[in-house]
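Residue numbers (my numbering): 1295 to 1736.
Heads up, the beta-carbon is just placed ideally off N, CA and C, and yes, glycines get one too.
These figures come from a predicted structure and were not determined experimentally.
Report on one structure; see the data block that follows.
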(Lines of atoms letter the chains of each structure in order from A and count residues from 1; the text may use other names and numbers.)
(Lines give C-alpha, C1' and ligand atoms only; values in the text may rest on other atoms or scores of the structure.)
Protein backbone atom coordinates (compact mmCIF):
# COMPACT_ATOMS: atom_id res chain seq x y z
CA UNK A 1 0.00 0.00 0.00
CA UNK A 2 1.29 3.47 -0.89
CA UNK A 3 1.80 5.97 1.91
CA UNK A 4 -0.82 8.34 0.51
CA UNK A 5 -3.45 5.59 0.47
CA UNK A 6 -2.93 4.40 4.05
CA UNK A 7 -5.34 5.86 6.56
CA UNK A 8 -4.35 3.76 9.60
CA UNK A 9 -0.63 3.73 10.39
CA UNK A 10 1.24 1.89 13.14
CA UNK A 11 4.77 3.07 14.04
CA UNK A 12 7.42 0.85 15.64
CA UNK A 13 9.77 3.10 17.62
CA UNK A 14 7.28 5.97 17.69
CA UNK A 15 9.04 7.86 20.51
CA UNK A 16 12.13 8.52 18.40
CA UNK A 17 12.22 12.22 17.70
CA UNK A 18 11.93 11.86 13.94
CA UNK A 19 9.19 9.26 14.24
CA UNK A 20 7.20 11.47 16.62
CA UNK A 21 7.46 14.37 14.19
CA UNK A 22 6.33 12.13 11.35
CA UNK A 23 3.40 10.93 13.47
CA UNK A 24 2.35 14.53 14.03
CA UNK A 25 2.50 15.24 10.31
CA UNK A 26 0.42 12.14 9.53
CA UNK A 27 -2.15 13.15 12.14
CA UNK A 28 -2.24 16.65 10.70
CA UNK A 29 -3.22 15.34 7.26
CA UNK A 30 -5.98 13.14 8.66
CA UNK A 31 -4.37 9.75 9.20
CA UNK A 32 -4.95 7.65 12.33
CA UNK A 33 -1.65 6.95 14.05
CA UNK A 34 -0.55 4.72 16.94
CA UNK A 35 2.66 2.97 17.88
CA UNK A 36 5.02 1.29 20.32
CA UNK A 37 8.46 1.87 21.78
CA UNK A 38 10.76 0.94 24.66
CA UNK A 39 9.99 1.83 28.27
CA UNK A 40 12.86 4.35 28.30
CA UNK A 41 11.67 7.91 28.97
CA UNK A 42 11.82 10.44 26.10
CA UNK A 43 10.60 14.05 25.94
CA UNK A 44 8.49 12.95 22.97
CA UNK A 45 6.13 11.08 25.29
CA UNK A 46 4.68 14.40 26.41
CA UNK A 47 4.35 15.50 22.79
CA UNK A 48 2.47 12.33 21.80
CA UNK A 49 0.19 12.54 24.82
CA UNK A 50 -0.59 16.20 24.07
CA UNK A 51 -1.48 15.28 20.50
CA UNK A 52 -3.62 12.35 21.62
CA UNK A 53 -1.54 9.84 19.66
CA UNK A 54 -1.73 6.48 21.51
CA UNK A 55 1.42 4.46 22.14
CA UNK A 56 2.44 1.51 24.29
CA UNK A 57 5.69 0.82 26.11
CA UNK A 58 7.19 -2.50 25.22
CA UNK A 59 6.94 -4.64 22.09
CA UNK A 60 4.44 -7.47 21.62
CA UNK A 61 2.39 -8.73 18.69
CA UNK A 62 -0.80 -7.75 20.54
CA UNK A 63 0.16 -4.08 20.20
CA UNK A 64 -0.51 -4.00 16.47
CA UNK A 65 -4.12 -2.98 15.69
CA UNK A 66 -5.96 -5.50 13.56
CA UNK A 67 -7.00 -2.87 11.03
CA UNK A 68 -3.47 -1.50 10.46
CA UNK A 69 -2.90 -0.64 6.80
CA UNK A 70 0.74 0.44 6.90
CA UNK A 71 3.63 0.03 9.36
CA UNK A 72 6.52 2.46 9.63
CA UNK A 73 9.51 1.32 11.63
CA UNK A 74 12.59 3.06 13.02
CA UNK A 75 15.79 1.74 11.44
CA UNK A 76 17.03 0.56 14.85
CA UNK A 77 14.57 -2.34 14.63
CA UNK A 78 15.60 -5.08 12.15
CA UNK A 79 13.51 -7.66 10.32
CA UNK A 80 13.68 -10.14 13.20
CA UNK A 81 12.14 -7.67 15.67
CA UNK A 82 9.10 -9.30 17.28
CA UNK A 83 6.59 -6.78 15.92
CA UNK A 84 8.11 -6.62 12.44
CA UNK A 85 7.96 -10.42 12.22
CA UNK A 86 4.26 -10.30 13.07
CA UNK A 87 3.64 -7.50 10.58
CA UNK A 88 5.25 -9.58 7.84
CA UNK A 89 3.20 -12.62 8.87
CA UNK A 90 -0.01 -10.59 8.51
CA UNK A 91 1.09 -9.29 5.11
CA UNK A 92 0.94 -5.62 6.13
CA UNK A 93 3.02 -3.21 4.06
CA UNK A 94 6.11 -1.77 5.78
CA UNK A 95 8.26 1.30 5.24
CA UNK A 96 11.34 2.36 7.16
CA UNK A 97 11.36 5.87 8.62
CA UNK A 98 13.67 7.27 5.89
CA UNK A 99 11.62 5.58 3.16
CA UNK A 100 8.41 7.16 4.49
CA UNK A 101 10.10 10.53 4.77
CA UNK A 102 11.36 10.16 1.22
CA UNK A 103 7.83 9.54 -0.05
CA UNK A 104 6.67 12.80 1.54
CA UNK A 105 9.51 14.79 -0.02
CA UNK A 106 8.53 13.67 -3.53
CA UNK A 107 5.27 15.60 -3.37
CA UNK A 108 6.48 18.82 -1.72
CA UNK A 109 9.03 21.59 -2.20
CA UNK A 110 11.50 20.16 0.28
CA UNK A 111 14.36 21.97 1.97
CA UNK A 112 16.71 19.41 3.53
CA UNK A 113 19.07 20.69 6.23
CA UNK A 114 22.02 18.33 6.52
CA UNK A 115 25.52 18.32 7.97
CA UNK A 116 27.45 17.14 11.01
CA UNK A 117 26.79 19.98 13.44
CA UNK A 118 24.07 22.59 13.81
CA UNK A 119 21.39 21.03 11.64
CA UNK A 120 18.75 20.85 14.39
CA UNK A 121 19.09 24.53 15.28
CA UNK A 122 19.36 25.55 11.61
CA UNK A 123 16.19 23.61 10.74
CA UNK A 124 14.30 25.17 13.64
CA UNK A 125 15.55 28.66 12.78
CA UNK A 126 14.53 28.27 9.14
CA UNK A 127 11.15 26.79 10.01
CA UNK A 128 10.31 29.57 12.44
CA UNK A 129 11.57 32.25 10.06
CA UNK A 130 9.41 30.93 7.21
CA UNK A 131 6.46 30.80 9.60
CA UNK A 132 7.10 34.43 10.62
CA UNK A 133 7.24 35.35 6.92
CA UNK A 134 3.74 33.85 6.43
CA UNK A 135 5.03 31.04 4.17
CA UNK A 136 3.30 28.40 6.36
CA UNK A 137 5.73 25.47 5.98
CA UNK A 138 5.48 21.94 7.29
CA UNK A 139 8.58 21.41 9.44
CA UNK A 140 10.26 18.37 10.99
CA UNK A 141 13.06 19.04 13.51
CA UNK A 142 15.26 16.68 15.52
CA UNK A 143 14.31 18.25 18.84
CA UNK A 144 11.47 20.13 20.49
CA UNK A 145 11.17 23.68 19.16
CA UNK A 146 10.46 25.80 22.23
CA UNK A 147 8.09 28.15 20.44
CA UNK A 148 5.93 25.23 19.27
CA UNK A 149 6.21 22.89 22.24
CA UNK A 150 6.85 20.04 19.81
CA UNK A 151 9.37 19.09 17.12
CA UNK A 152 7.09 19.50 14.13
CA UNK A 153 4.44 21.74 12.64
CA UNK A 154 1.96 21.03 9.86
CA UNK A 155 1.53 23.86 7.39
CA UNK A 156 -0.90 24.39 4.53
CA UNK A 157 1.63 25.28 1.85
CA UNK A 158 3.63 22.78 -0.21
CA UNK A 159 6.85 23.81 1.53
CA UNK A 160 8.52 21.15 3.69
CA UNK A 161 11.59 21.88 5.85
CA UNK A 162 13.26 18.86 7.42
CA UNK A 163 16.34 17.91 9.36
CA UNK A 164 18.05 15.33 7.17
CA UNK A 165 20.02 12.58 8.93
CA UNK A 166 23.10 11.18 7.20
CA UNK A 167 23.45 8.09 9.45
CA UNK A 168 23.02 4.84 7.49
CA UNK A 169 22.86 7.09 4.41
CA UNK A 170 19.23 7.96 5.00
CA UNK A 171 19.85 10.90 2.67
CA UNK A 172 19.55 8.63 -0.37
CA UNK A 173 15.77 8.40 0.06
CA UNK A 174 15.11 12.16 -0.05
CA UNK A 175 14.08 14.28 -3.03
CA UNK A 176 15.07 17.84 -2.06
CA UNK A 177 14.39 21.05 -3.92
CA UNK A 178 16.83 22.98 -1.73
CA UNK A 179 19.71 21.82 0.47
CA UNK A 180 21.52 23.49 3.35
CA UNK A 181 24.84 21.81 4.20
CA UNK A 182 26.09 23.20 7.52
CA UNK A 183 29.49 21.45 7.65
CA UNK A 184 31.13 18.03 7.34
CA UNK A 185 33.04 16.52 10.28
CA UNK A 186 33.52 12.74 10.36
CA UNK A 187 31.00 11.02 12.62
CA UNK A 188 29.12 7.69 13.02
CA UNK A 189 32.26 5.54 12.66
CA UNK A 190 30.12 2.42 13.21
CA UNK A 191 28.66 3.00 9.73
CA UNK A 192 31.12 5.33 7.97
CA UNK A 193 34.45 3.60 8.48
CA UNK A 194 36.57 6.45 7.08
CA UNK A 195 36.32 10.25 6.80
CA UNK A 196 36.23 9.81 3.03
CA UNK A 197 33.18 7.53 3.08
CA UNK A 198 31.43 10.03 5.34
CA UNK A 199 32.20 12.97 3.04
CA UNK A 200 31.09 11.03 -0.03
CA UNK A 201 27.53 10.57 1.27
CA UNK A 202 27.06 14.35 1.27
CA UNK A 203 28.70 14.68 -2.14
CA UNK A 204 26.18 12.20 -3.52
CA UNK A 205 23.26 13.88 -1.78
CA UNK A 206 23.78 17.38 -3.16
CA UNK A 207 23.57 15.92 -6.66
CA UNK A 208 19.94 15.00 -5.88
CA UNK A 209 18.96 18.68 -5.93
CA UNK A 210 17.30 19.43 -9.30
CA UNK A 211 18.62 22.00 -11.76
CA UNK A 212 15.90 24.45 -10.72
CA UNK A 213 16.75 23.90 -7.06
CA UNK A 214 19.51 25.35 -4.91
CA UNK A 215 22.33 24.42 -2.54
CA UNK A 216 23.61 26.53 0.36
CA UNK A 217 26.94 25.56 1.96
CA UNK A 218 29.67 26.77 4.29
CA UNK A 219 32.54 28.23 2.27
CA UNK A 220 34.99 28.07 5.21
CA UNK A 221 34.49 24.35 5.78
CA UNK A 222 37.16 22.50 3.80
CA UNK A 223 35.34 19.17 3.83
CA UNK A 224 32.19 20.77 2.42
CA UNK A 225 34.21 22.45 -0.33
CA UNK A 226 35.73 19.10 -1.28
CA UNK A 227 32.40 17.27 -1.16
CA UNK A 228 30.67 19.86 -3.36
CA UNK A 229 33.41 20.15 -5.95
CA UNK A 230 31.29 18.53 -8.67
CA UNK A 231 28.42 21.00 -8.15
CA UNK A 232 30.37 24.04 -6.91
CA UNK A 233 29.05 26.28 -9.70
CA UNK A 234 25.51 25.80 -8.35
CA UNK A 235 26.34 26.45 -4.70
CA UNK A 236 25.43 29.63 -2.84
CA UNK A 237 28.26 29.82 -0.32
CA UNK A 238 27.72 31.47 3.06
CA UNK A 239 30.32 32.85 5.45
CA UNK A 240 29.74 31.28 8.90
CA UNK A 241 31.64 34.10 10.60
CA UNK A 242 29.84 37.01 8.91
CA UNK A 243 28.42 39.57 11.37
CA UNK A 244 24.69 39.16 11.76
CA UNK A 245 22.25 42.00 11.17
CA UNK A 246 21.54 43.72 14.48
CA UNK A 247 18.05 42.29 14.90
CA UNK A 248 19.30 38.70 14.69
CA UNK A 249 22.49 39.34 16.66
CA UNK A 250 20.50 40.29 19.75
CA UNK A 251 18.94 36.81 19.90
CA UNK A 252 21.86 34.55 19.00
CA UNK A 253 25.16 33.81 20.75
CA UNK A 254 28.06 31.46 20.06
CA UNK A 255 30.06 30.86 16.88
CA UNK A 256 28.03 27.79 15.85
CA UNK A 257 24.72 29.60 16.19
CA UNK A 258 26.08 32.54 14.22
CA UNK A 259 27.01 30.07 11.47
CA UNK A 260 23.52 28.51 11.66
CA UNK A 261 21.88 31.93 11.33
CA UNK A 262 24.07 32.85 8.36
CA UNK A 263 23.06 29.60 6.66
CA UNK A 264 19.39 30.47 7.16
CA UNK A 265 19.86 34.01 5.83
CA UNK A 266 21.55 32.57 2.72
CA UNK A 267 18.74 30.04 2.24
CA UNK A 268 16.04 32.70 2.60
CA UNK A 269 17.75 34.75 -0.09
CA UNK A 270 16.88 31.90 -2.48
CA UNK A 271 13.24 32.93 -1.89
CA UNK A 272 14.06 36.58 -2.63
CA UNK A 273 14.12 37.57 1.05
CA UNK A 274 16.64 40.25 1.99
CA UNK A 275 19.11 39.82 4.88
CA UNK A 276 17.23 42.52 6.78
CA UNK A 277 13.89 40.71 6.35
CA UNK A 278 15.54 37.44 7.31
CA UNK A 279 17.04 38.98 10.44
CA UNK A 280 13.63 40.28 11.45
CA UNK A 281 12.13 36.82 10.98
CA UNK A 282 14.90 35.25 13.06
CA UNK A 283 13.91 37.29 16.09
CA UNK A 284 11.03 34.82 16.52
CA UNK A 285 13.53 32.03 17.26
CA UNK A 286 13.34 30.90 20.89
CA UNK A 287 15.70 27.93 20.81
CA UNK A 288 15.22 24.18 20.89
CA UNK A 289 15.30 21.57 23.61
CA UNK A 290 18.69 20.19 24.60
CA UNK A 291 20.67 22.92 22.82
CA UNK A 292 22.24 25.03 25.61
CA UNK A 293 18.82 24.81 27.23
CA UNK A 294 18.54 26.25 30.72
CA UNK A 295 16.98 23.74 33.13
CA UNK A 296 16.82 26.00 36.16
CA UNK A 297 18.69 28.05 38.79
CA UNK A 298 19.18 27.60 42.52
CA UNK A 299 21.65 28.95 45.11
CA UNK A 300 24.26 30.20 42.64
CA UNK A 301 23.93 27.19 40.35
CA UNK A 302 22.71 27.44 36.77
CA UNK A 303 21.86 24.04 35.25
CA UNK A 304 21.88 23.64 31.46
CA UNK A 305 21.49 20.71 29.10
CA UNK A 306 23.03 20.22 25.67
CA UNK A 307 22.91 17.46 23.05
CA UNK A 308 26.64 17.71 22.24
CA UNK A 309 27.97 14.19 21.64
CA UNK A 310 30.89 14.84 19.27
CA UNK A 311 34.20 16.48 20.29
CA UNK A 312 33.66 19.43 17.96
CA UNK A 313 30.22 20.07 19.47
CA UNK A 314 31.53 19.86 23.04
CA UNK A 315 34.28 22.39 22.31
CA UNK A 316 31.90 24.78 20.55
CA UNK A 317 29.29 24.59 23.31
CA UNK A 318 31.77 25.25 26.10
CA UNK A 319 33.29 28.18 24.15
CA UNK A 320 29.85 29.70 23.58
CA UNK A 321 28.95 29.36 27.26
CA UNK A 322 32.24 30.96 28.34
CA UNK A 323 31.38 33.96 26.25
CA UNK A 324 27.85 34.14 27.64
CA UNK A 325 28.75 33.39 31.28
CA UNK A 326 32.28 34.82 31.72
CA UNK A 327 32.18 34.86 35.52
CA UNK A 328 31.07 31.27 36.05
CA UNK A 329 32.92 28.06 36.73
CA UNK A 330 31.89 25.60 34.00
CA UNK A 331 31.35 22.00 35.10
CA UNK A 332 30.32 19.37 32.56
CA UNK A 333 28.85 15.90 32.90
CA UNK A 334 29.38 14.04 29.64
CA UNK A 335 27.53 10.86 28.71
CA UNK A 336 29.29 9.32 25.68
CA UNK A 337 27.00 8.11 22.91
CA UNK A 338 27.91 4.76 21.32
CA UNK A 339 30.99 2.71 22.04
CA UNK A 340 32.38 3.05 18.51
CA UNK A 341 32.31 6.86 18.57
CA UNK A 342 33.93 6.97 22.02
CA UNK A 343 36.71 4.62 20.93
CA UNK A 344 37.37 6.35 17.60
CA UNK A 345 37.50 9.88 19.00
CA UNK A 346 38.90 9.14 22.47
CA UNK A 347 41.76 11.67 22.37
CA UNK A 348 39.50 14.31 20.82
CA UNK A 349 36.94 13.86 23.60
CA UNK A 350 39.68 14.32 26.19
CA UNK A 351 40.87 17.54 24.54
CA UNK A 352 37.32 18.87 24.23
CA UNK A 353 36.34 18.13 27.83
CA UNK A 354 39.56 19.71 29.14
CA UNK A 355 38.19 23.10 28.01
CA UNK A 356 35.75 22.91 30.93
CA UNK A 357 36.87 23.82 34.44
CA UNK A 358 35.61 20.51 35.83
CA UNK A 359 34.58 17.48 33.78
CA UNK A 360 32.74 14.31 34.76
CA UNK A 361 32.20 11.26 32.56
CA UNK A 362 29.48 8.68 33.11
CA UNK A 363 28.59 5.37 31.46
CA UNK A 364 28.25 5.09 27.69
CA UNK A 365 24.76 5.34 26.23
CA UNK A 366 24.68 2.79 23.46
CA UNK A 367 20.97 3.30 22.60
CA UNK A 368 19.43 0.73 20.28
CA UNK A 369 22.45 0.96 17.99
CA UNK A 370 25.12 -0.68 20.17
CA UNK A 371 24.82 -2.81 23.29
CA UNK A 372 28.51 -3.60 23.88
CA UNK A 373 31.89 -2.26 22.88
CA UNK A 374 35.63 -2.31 23.53
CA UNK A 375 35.57 0.78 25.75
CA UNK A 376 33.56 2.25 28.61
CA UNK A 377 33.11 5.52 30.48
CA UNK A 378 35.85 4.62 32.96
CA UNK A 379 38.37 4.31 30.13
CA UNK A 380 37.51 7.76 28.83
CA UNK A 381 37.90 9.28 32.29
CA UNK A 382 41.22 7.46 32.78
CA UNK A 383 42.54 8.91 29.51
CA UNK A 384 42.75 12.35 31.15
CA UNK A 385 45.66 11.18 33.37
CA UNK A 386 45.74 14.43 35.34
CA UNK A 387 42.90 14.25 37.84
CA UNK A 388 40.88 16.95 36.08
CA UNK A 389 38.24 14.43 35.09
CA UNK A 390 36.08 12.23 37.29
CA UNK A 391 34.22 9.04 36.39
CA UNK A 392 30.77 8.78 37.99
CA UNK A 393 28.43 5.82 37.49
CA UNK A 394 25.09 6.93 36.10
CA UNK A 395 23.16 5.42 39.00
CA UNK A 396 24.98 7.57 41.55
CA UNK A 397 26.11 10.50 39.41
CA UNK A 398 24.01 13.23 41.01
CA UNK A 399 25.17 12.40 44.54
CA UNK A 400 28.86 12.16 43.62
CA UNK A 401 28.86 15.33 41.51
CA UNK A 402 27.09 17.34 44.18
CA UNK A 403 29.66 16.28 46.78
CA UNK A 404 32.55 17.09 44.44
CA UNK A 405 31.32 20.47 43.28
CA UNK A 406 29.88 21.66 46.57
CA UNK A 407 31.81 20.03 49.43
CA UNK A 408 30.27 22.51 51.82
CA UNK A 409 27.86 25.39 51.51
CA UNK A 410 30.36 28.08 52.53
CA UNK A 411 32.84 27.06 49.85
CA UNK A 412 30.15 27.25 47.20
CA UNK A 413 28.75 30.60 48.28
CA UNK A 414 32.15 32.27 48.49
CA UNK A 415 33.47 30.83 45.24
CA UNK A 416 32.54 31.44 41.64
CA UNK A 417 28.93 30.71 40.69
CA UNK A 418 28.72 27.40 38.86
CA UNK A 419 27.34 26.62 35.42
CA UNK A 420 26.61 22.89 35.35
CA UNK A 421 26.03 21.40 31.90
CA UNK A 422 24.87 17.89 31.07
CA UNK A 423 26.05 16.81 27.61
CA UNK A 424 25.20 13.84 25.43
CA UNK A 425 22.63 12.31 23.12
CA UNK A 426 21.20 9.98 25.76
CA UNK A 427 19.26 10.52 28.96
CA UNK A 428 21.94 12.46 30.84
CA UNK A 429 19.53 15.39 31.20
CA UNK A 430 17.91 13.52 34.09
CA UNK A 431 21.06 14.03 36.16
CA UNK A 432 20.97 17.79 35.66
CA UNK A 433 17.47 17.97 37.05
CA UNK A 434 18.46 15.86 40.05
CA UNK A 435 21.51 18.01 40.83
CA UNK A 436 19.41 21.15 40.59
CA UNK A 437 16.97 19.65 43.10
CA UNK A 438 19.82 18.66 45.43
CA UNK A 439 21.32 22.16 45.27
CA UNK A 440 18.10 23.58 46.67
CA UNK A 441 18.82 21.66 49.87
CA UNK A 442 22.40 22.86 50.30
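Residue 1357 - DSSP class collapsed to helix/strand/coil: Reduced to three states, the DSSP call for residue 1357 is helix.
Might you give, ordered along the chain, the residues of its own chain that have their beta carbon closer than 8 Å to the beta carbon of residue 1659, omitting 5 neighbours on each side? Within the same chain, residue 1659 has close Cβ partners 1629, 1630, 1631, 1632, 1718, 1719, 1720, 1721 and 1722.
Exposed or buried, residue 1621, counting other C-beta atoms within 10 Å across all chains shown (16 or more means buried)? When all chains shown are included, residue 1621 counts as exposed.
Which residue comes first and which comes last in the beta strand (DSSP E) that contains residue 1320? Per DSSP, residue 1320 belongs to no beta strand (DSSP E); it is in the alpha helix (DSSP H), 1311-1322.
Hey, is the stretch 1657-1677 in contact with the stretch 1583-1601, meaning 3+ C-beta pairs nearer than 8 Å? Touching, no.
Let me know if residue 1487 comes out buried or exposed under the rule of 16 or more other beta-carbons within 10 Å of its beta-carbon. Exposed, since its Cβ has fewer than 16 Cβ neighbours within 10 Å.
Contacts around residue 1297, its chain only, beta-carbon distance under 8 Å, and the 5 residues preceding and following it disregarded: Contacts found: 1364, 1389, 1394, 1397 and 1398.
Same chain, Cβ closer than 7 Å to residue 1419, neighbours up to 5 away in sequence not counted: In its chain, beyond the 5 residues on either side, 1554, 1555, 1558, 1576 and 1579 have a beta carbon closer than 7 Å to the beta carbon of residue 1419.
Would you check if the distance between the CB atom of residue 1434 and the CB atom of residue 1456 is smaller than 8 Å? Their beta carbons are under 8 Å apart, which means residue 1434 touches residue 1456 by this criterion.
Is it the case that the Cβ atoms of residue 1405 and residue 1472 are separated by a distance below 8 Å? The answer is yes: Cβ separation under 8 Å.
Three Cβ pairs or more, each shorter than 8 Å: is that satisfied between the stretch 1522-1542 and the stretch 1499-1513? Yes, since at least three Cβ pairs between the stretch 1522-1542 and the stretch 1499-1513 fall closer than 8 Å, the two stretches touch.
Where does residue 1599 fall in DSSP's three states? Residue 1599: strand per DSSP, three-state reduction.
Considering residue 1304, what are the terminal residues of the beta strand (DSSP E) in which it resides? Residue range 1302-1306 is occupied by the beta strand (DSSP E) that includes residue 1304.
State the start and end residues of the unbroken alpha helix (DSSP H) segment that holds residue 1351. Residue 1351 -> not in any alpha helix (DSSP H); beta strand (DSSP E) instead, spanning 1349-1351.
Straight-line CA distance for residue 1606 to residue 1383? Approximately 45 Å, taken between the alpha carbons.
Output needed for residue 1373: all residues of its chain with C-beta closer than 8 Å, excluding positions within five of it in sequence on either side, in chain order. Contacts found: 1379 and 1382.
Helix, strand or coil, according to DSSP, for residue 1625 in the structure here? DSSP places residue 1625 within a strand segment (E or B) once states are collapsed to three.
So for residue 1801, helix, strand or coil by DSSP? Residue 1801 lies beyond the range of the chain shown here (1295 to 1736); nothing can be said about it.
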